[in-house]
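Everything below concerns the one structure shown next.
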Amino acid sequence: MTQVTMTVNGKTVSGDVEGRTLLAEFLREGLKMTGTHIGCDTSQCGACVVHMNGEAVKSCSVLALDAEGAEVKTIEGMANPDGSLSTIQQAFQDHHGLQCGFCTPGMVMSAAALLKDNPKPTEREIREYLEGNICRCTGYHNIVKAIMAASGQDVGAIAAE
Amino acid sequence: MYNFEFSKPGTIDEAVAALGADEAQALGGGQTLLPTMKQRLAAPEVLVSLTGIDQMKGICLSDAGEVCIGGATTHATVAAEAAAHYPALAALAGRIGDPAVRNRGTIGGSLANNDPSACYPAAALGSGATIITNTREIAADDYFQGMFATALDEGEIITEVRFPVPEAANYQKFVQPASRFALVGVFVAKYADGVRVAVTGASSDGVFRWTEAEEVLNGSFTKDAIDALSPPSGDMIADLHGSAEYRAHLVKVMTGRAVAAAS
Ligand SMILES: Cc1cc2nc3c(=O)[nH]c(=O)nc-3n(C[C@H](O)[C@H](O)[C@H](O)COP(=O)(O)OP(=O)(O)OC[C@H]3O[C@@H](n4cnc5c(N)ncnc54)[C@H](O)[C@@H]3O)c2cc1C
Ligand code: FES
Ligand code: FES
Chain B
24 MTQVTMTVNG KTVSGDVEGR TLLAEFLREG LKMTGTHIGC DTSQCGACVV HMNGEAVKSC
84 SVLALDAEGA EVKTIEGMAN PDGSLSTIQQ AFQDHHGLQC GFCTPGMVMS AAALLKDNPK
144 PTEREIREYL EGNICRCTGY HNIVKAIMAA SGQDVGAIAA E
Chain Z
25 MYNFEFSKPG TIDEAVAALG ADEAQALGGG QTLLPTMKQR LAAPEVLVSL TGIDQMKGIC
85 LSDAGEVCIG GATTHATVAA EAAAHYPALA ALAGRIGDPA VRNRGTIGGS LANNDPSACY
145 PAAALGSGAT IITNTREIAA DDYFQGMFAT ALDEGEIITE VRFPVPEAAN YQKFVQPASR
205 FALVGVFVAK YADGVRVAVT GASSDGVFRW TEAEEVLNGS FTKDAIDALS PPSGDMIADL
265 HGSAEYRAHL VKVMTGRAVA AAS
């Protein structure tokens with residue numbers, strides 16, 4: 024076991040991990056932060072997306088030890104300081120951007136990464152950005168709509184309710 | 025995944041020394057190697073992360089006008105920073121996988137892996153790039169040696185890749201939507217001394233140059249020039265996504281599109 028230290032949602036945390044411990048496992052089992060989901064475990068589905076040093080990464084395909092010293096942000100760090108939902112989270116609720124909710128943490132983290140670089144994306148840009156986030160329930164329209172709404176744009180033109 | 029020892033050196037020399045250990049393997053972005061280890065298709069005892077080596081990251085323009093990319097540079101960085109120097113290369117990097125994969129995956133990892141459907145091998149071969157390792161310089165024409173096989177020796181690290189900048193170039197990728205790799209991808213680049221056409225995704229020998237197309241395009245760099253050619257023969261991949269004939273046909277179509285987009 025080796026000790027790893029990183030910043031998660033603004034707090035310095037450390038723990039003992041094996042070489043093979045994934046960042047997703049360290050978050051879920053080491054820190055008991057189970058908001059980050061593991062779907063495929065093979066970097067296909069995006070349920071495990073977190074931000075590492077400001078960039079969206081699939082935490083099932085990053086070693087915990089490779090995140091030594093990194094700034095990590097997870098879905099638990101997305102709400103406003105007073106506990107109310109952030110703009111993106113609220114938009115997912117308002118526009119029915121989730122059903123079972125399994126993909127949602129990854130969708131929200133990917134959406135936040137997109138809007139940081141591209142505050143007013145087109146519908147096409149949103150769909151392309153979400154290529155690595157798979158949702159079995161919603162059919163994506165309402166997720167796209169939520170992200171359009173979170174970026175302050177009109178959602179009227181997006182198909183399906 | 026079996027357990028292993030992890031190290032993250034800060035210099036190329038330290039990495040080379042660490043890779044001298046028994047059953048040691050380099051780790052780039054881990055986007056291919058970690059899933060492979062989870063399936064127990066690889067089981068290194070020591071994993072040496074290259075992502076902490078600053079001298080292996082970033083993009084610059086050499087005095088000879090080549091775009092030089094550090095071996096541990098991510099696809100996202102190439103997409104953003106190579107755009108001003110070599111737009112076709114940046115566009116290729118920007119369409120690999122998805123944003124999260126591009127934030128971790130590296131050019132060195134992609135070229136070392138030499139997946140028969142990967143994008144970078146087509147760019148490297150199509151540009152006549154030079155692969156620089158800790159010990160030598162390898163011309164792309166000598167580097168790719170068939171599916172998942174390269175000229176790299178055990179423990180050898182790709183530290184940099186140098187791309188001569190063409191007069192015109194384009195990459196056309198027919199996406200296999202489930203894997204997001206290329207079902208067929210064609211990279212066409214026109215240099216003062218000739219046109220190069222490199223094909224990925226199609227052949228079970230991995231990336232290859234379609235020399236017949238190069239010859240006619242040297243005469244006339246137009247889409248129509250390849251009309252008379254038959255699709256390339258050779259060992260085309262056949263699987264549930266497409267037959268060998270379908271892939272060969274796609275090679276011709278994508279080559280035509282790449283030429284049209286480049287000229
Ligand atoms: C969902 C998904 C979609 C993808 N889509 C595409 C796509 O469309 N096109 C495409 O081309 N690729 C695609 N990839 C592959 C991706 O580009 C990988 O990042 C890449 O193939 C491997 O790079 P890596 O840095 O992650 O290497 P790793 O997975 O860390 O390593 C791969 C191999 O290279 C070796 N290695 C790593 N770095 C070096 C180095 N500098 N020198 C020597 N050896 C080294 C390792 O030992 C290992 O054998 C996709 C991957 C995923 C998960
Ligand atoms: S669990 Fe990481 S991508 Fe699916
Ligand atoms: S809401 Fe169920 S997987 Fe997306």
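Protein sequence lines correspond, in order, to chains B and Z. The numbering of the first sequence is my numbering, which starts it at 24 and goes up by one. The numbering of the second sequence is my numbering, which starts it at 25 and goes up by one. Where is the CB? At the ideal position from N, CA and C, for every residue including glycine.
Here's the rule: buried if 16 or more other CB atoms are within 10 angstroms of the residue's CB, otherwise exposed. What is Leu57 of chain Z? For the purposes of this step, residue 57 of chain Z is identified with residue 33 of the second sequence, where counting begins at 1. Counting Cβ neighbours within 10 Å, Leu57 of chain Z comes out buried, since at least 16 surround it.
Run through chain Z and tell me which residues come within less than 7 Å of Ser174 of chain B, C-beta to C-beta. By 1-based counting over the first sequence, the position of residue 174 of chain B is 151. Within 7 Å of the CB of Ser174 of chain B, no CB atom of chain Z is found; the nearest one sits about 16 Å away.
Are there 16 or more other CB atoms within 10 angstroms of the CB of Ala139 of chain Z, so buried, or fewer, so exposed? As a working mapping, residue 139 of chain Z is identified with position 115 in the second sequence. Reading off the sequence shown, one finds Asp at residue 139 of chain Z, where the question assumed Ala. By the Cβ neighbour-count rule, Asp139 of chain Z is buried, with 16 or more other Cβ atoms within 10 Å of its own.
Quick one: is Asp122 of chain Z buried, meaning 16 or more other Cβ sit within 10 Å of its Cβ, or exposed? Position 98 of the second sequence, counted from the first residue, corresponds to residue 122 of chain Z. Here Asp122 of chain Z is buried: its Cβ has 16 or more other Cβ atoms, across all protein chains shown, within 10 Å.
State buried or exposed for Gly44 of chain Z, treating a residue as buried only when at least 16 other CB atoms are found within 10 Å of its CB. Residue 44 of chain Z sits at position 20 when you count from the first residue of the second sequence. Residue environment analysis places Gly44 of chain Z among the exposed positions, since fewer than 16 neighbouring C-beta atoms fall within 10 angstroms of its C-beta.
Might you give, ordered along the chain, the residues of its own chain that have their beta carbon closer than 6 Å to the beta carbon of Ile149 of chain B, omitting 5 neighbours on each side? What you label residue 149 of chain B is simply residue 126 of the first sequence in a count that begins at 1. Taken in chain order, the residues that qualify are Val167, Ile170.
How many whole angstroms separate the CB atoms of Val302 of chain Z and Ile181 of chain Z, which I take to be in contact at a CB cut-off of 8 Å? Because chain Z is modelled from 25 through 287, residue 302 of chain Z falls outside the range shown and cannot be assessed.
Per-residue burial, Ala173 of chain Z [other beta carbons within 10 Å of its own, 16 or more giving buried]: The residue you call residue 173 of chain Z lines up with position 149 of the second sequence. With fewer than 16 other Cβ atoms within 10 Å, it is exposed.
Whose CA, out of B:Gly92, B:Ser82, B:Ala135, lies closest to the CA of Thr65 of chain B? For this step, residue 65 of chain B is matched to residue 42 along the first sequence. Of all alpha-carbon atoms in B:Gly92, B:Ser82, B:Ala135, the one lying nearest the alpha-carbon of Thr65 of chain B is that of B:Ser82.
Beta strand (DSSP E) containing Val212 of chain Z: first to last residue? As a first step, residue 212 of chain Z is located in the second sequence; it is residue number 188 there, counting from the start. Element bounds for Val212 of chain Z: 206-215.
Could you list the residues in the region 120-147 of chain Z with a C-beta less than 7 Å from some C-beta on chain B, going in chain order? Listed by position along the chain: Gly121, Asp122, Pro123, Ala124, Val125, Asn127, Arg128.
What did DSSP end up calling Gln26 of chain B once you bin it into helix, strand or coil? In the first sequence, the residue the question calls residue 26 of chain B occupies position 3. Strand.
Where the beta strand (DSSP E) containing Ala163 of chain Z begins and where it ends: As a working mapping, residue 163 of chain Z is identified with position 139 in the second sequence. Unbroken beta strand (DSSP E) run through Ala163 of chain Z: 161-163.
I want to check one thing, is the minimum distance from the CB of Leu153 of chain B to the heavy atoms of ligand 1 below 7 Å? Position 130 of the first sequence, counting from 1, holds the residue named residue 153 of chain B. Shortest gap from the CB of Leu153 of chain B to any heavy atom of ligand 1: 7 Å or more.
Close beta carbons around Asn158 of chain Z, own chain, < 7 Å, minus the five adjacent residues each side: Translated into positions along the second sequence, residue 158 of chain Z becomes position 134. Cβ neighbours of Asn158 of chain Z beyond the five flanking positions: Ile36, Val40, Glu180, Ile181, Thr183.
Could you tell me the alpha carbon to alpha carbon distance between Val85 of chain B and Ser73 of chain Z, rounded to whole angstroms? By 1-based counting over the first sequence, the position of residue 85 of chain B is 62. By 1-based counting over the second sequence, the position of residue 73 of chain Z is 49. A direct Cα-to-Cα measurement between Val85 of chain B and Ser73 of chain Z gives close to 11 Å.
Tell me which residues pass a beta-carbon proximity test against ligand 3: closer than 5 Å to any heavy atom, given in chain order. For ligand 3, the selected residues are B:Leu121, B:Gln122, B:Cys123, B:Phe125, B:Cys126, B:Cys158, B:Arg159, B:Cys160.
is_contact[Ser267 of chain Z, chain B] using C-beta, thresh 8 Å: Along the second sequence, one-based indexing puts residue 267 of chain Z at 243. Taking 8 Å as the CB threshold, Ser267 of chain Z stays off the interface with chain B.
Contact with chain Z by Ala169 of chain B, beta-carbon distance below 8 Å: On the first sequence, residue 169 of chain B is found 146 positions in, with the first residue counted as 1. No, its Cβ sits nowhere closer than 8 Å to a Cβ of chain Z.
Extent of the continuous beta strand (DSSP E) to which Pro188 of chain Z belongs: As a first step, residue 188 of chain Z is located in the second sequence; it is residue number 164 there, counting from the start. Segment 182-188, the beta strand (DSSP E) holding Pro188 of chain Z.
I need the residues with a C-beta less than 6 Å from some heavy atom of ligand 2; please give them in chain order. Any residue whose Cβ sits closer than 6 Å to a heavy atom of ligand 2 makes the list: B:Ile61, B:Gly62, B:Cys63, B:Asp64, B:Ser66, B:Gln67, B:Cys68, B:Gly69, B:Ala70, B:Cys71, B:Lys81, B:Cys83.
So Pro59 of chain Z and Phe28 of chain Z are supposed to be a Cβ contact under 8 Å. How far apart are they, rounded? Position 35 of the second sequence, counting from 1, holds the residue named residue 59 of chain Z. Position 4 of the second sequence, counting from 1, holds the residue named residue 28 of chain Z. In fact, because the Cβ distance is near 15 Å, the residues do not count as touching under 8 Å.
Three-way DSSP call (helix, strand, coil) for His265 of chain Z in this model: Position 241 of the second sequence holds residue 265 of chain Z. For His265 of chain Z, the three-state secondary structure derived from DSSP is coil.
Reduced DSSP secondary structure (H/G/I, E/B, other) of Leu45 of chain B: Within the first sequence, numbered from 1, the residue matching residue 45 of chain B stands at position 22. Note: Leu45 of chain B maps to strand in three-state DSSP.
Nonlocal neighbours in the same chain, by C-beta distance under 8 Å from Val240 of chain Z, ignoring five residues either side: Here residue 240 of chain Z refers to the residue found at position 216 when the second sequence is read from its first residue. So the list reads Ala249, Ile250, Ala252, Leu253, once near-sequence residues are dropped.
Please return the same chain residues whose Cβ sits closer than 7 Å to the Cβ of Leu121 of chain B, not counting the five positions on each side in sequence. As a first step, residue 121 of chain B is located in the first sequence; it is residue number 98 there, counting from the start. Cβ within range, chain order: Phe115, Thr127, Thr161.
Which residues does DSSP pair with Asn194 of chain Z in a beta bridge? For the purposes of this step, residue 194 of chain Z is taken as residue 170 along the second sequence, with counting starting at 1. Looking at the DSSP assignment, Asn194 of chain Z forms a beta bridge with Z:Val212.
Sorry if obvious, but does the Cβ on Thr130 of chain Z come closer than 7 Å to a heavy atom of ligand 1? Looking up residue 130 of chain Z in the second sequence gives position 106. Relative to the non-hydrogen atoms of ligand 1, the Cβ of Thr130 of chain Z comes within a distance shorter than 7 Å of at least one.
By alpha-carbon positions, which one of Z:Pro145, Z:Met171, Z:Asp177 ends up nearest to Phe187 of chain Z? Here residue 187 of chain Z is taken as the residue at index 163 of the second sequence, counted from 1. Among Z:Pro145, Z:Met171, Z:Asp177, the Cα nearest to that of Phe187 of chain Z is on Z:Pro145.
Indicate whether at least one CB of chain B lies closer than 8 Å to the CB of Met260 of chain Z. As a position in the second sequence, residue 260 of chain Z is number 236, starting the count at 1. Judged by the 8 Å Cβ criterion, Met260 of chain Z is not in contact with chain B.
Glu184 of chain B versus Asn141 of chain B - alpha carbon distance: Taking the first residue of the first sequence as position 1, residue 184 of chain B is located at position 161. Taking the first residue of the first sequence as position 1, residue 141 of chain B is located at position 118. Legend: pLDDT at Glu184 of chain B = 48, less than 50; position of this residue unreliable, value from coordinates given subsequently. Computed Cα separation, rounded: 25 Å.
Quick check: the Cα distance between His119 of chain B and Tyr163 of chain B, rounded to an integer number of angstroms? One-based indexing of the first sequence puts residue 119 of chain B at position 96. One-based indexing of the first sequence puts residue 163 of chain B at position 140. Cα-Cα distance, rounded: 10 Å.
Contacting residues, own chain, Cβ-Cβ under 7 Å from Ala107 of chain Z (five flanking each side not counted): Along the second sequence, one-based indexing puts residue 107 of chain Z at 83. For Ala107 of chain Z, where only same-chain residues beyond five positions count, the Cβ hits under 7 Å are Ala114.
Quick one: what's got a C-beta closer than 6 Å to Gly118 of chain Z's C-beta in the same chain, skipping five residues either side? For the purposes of this step, residue 118 of chain Z is taken as the residue at position 94 of the second sequence. Here the set comprises Ala103.
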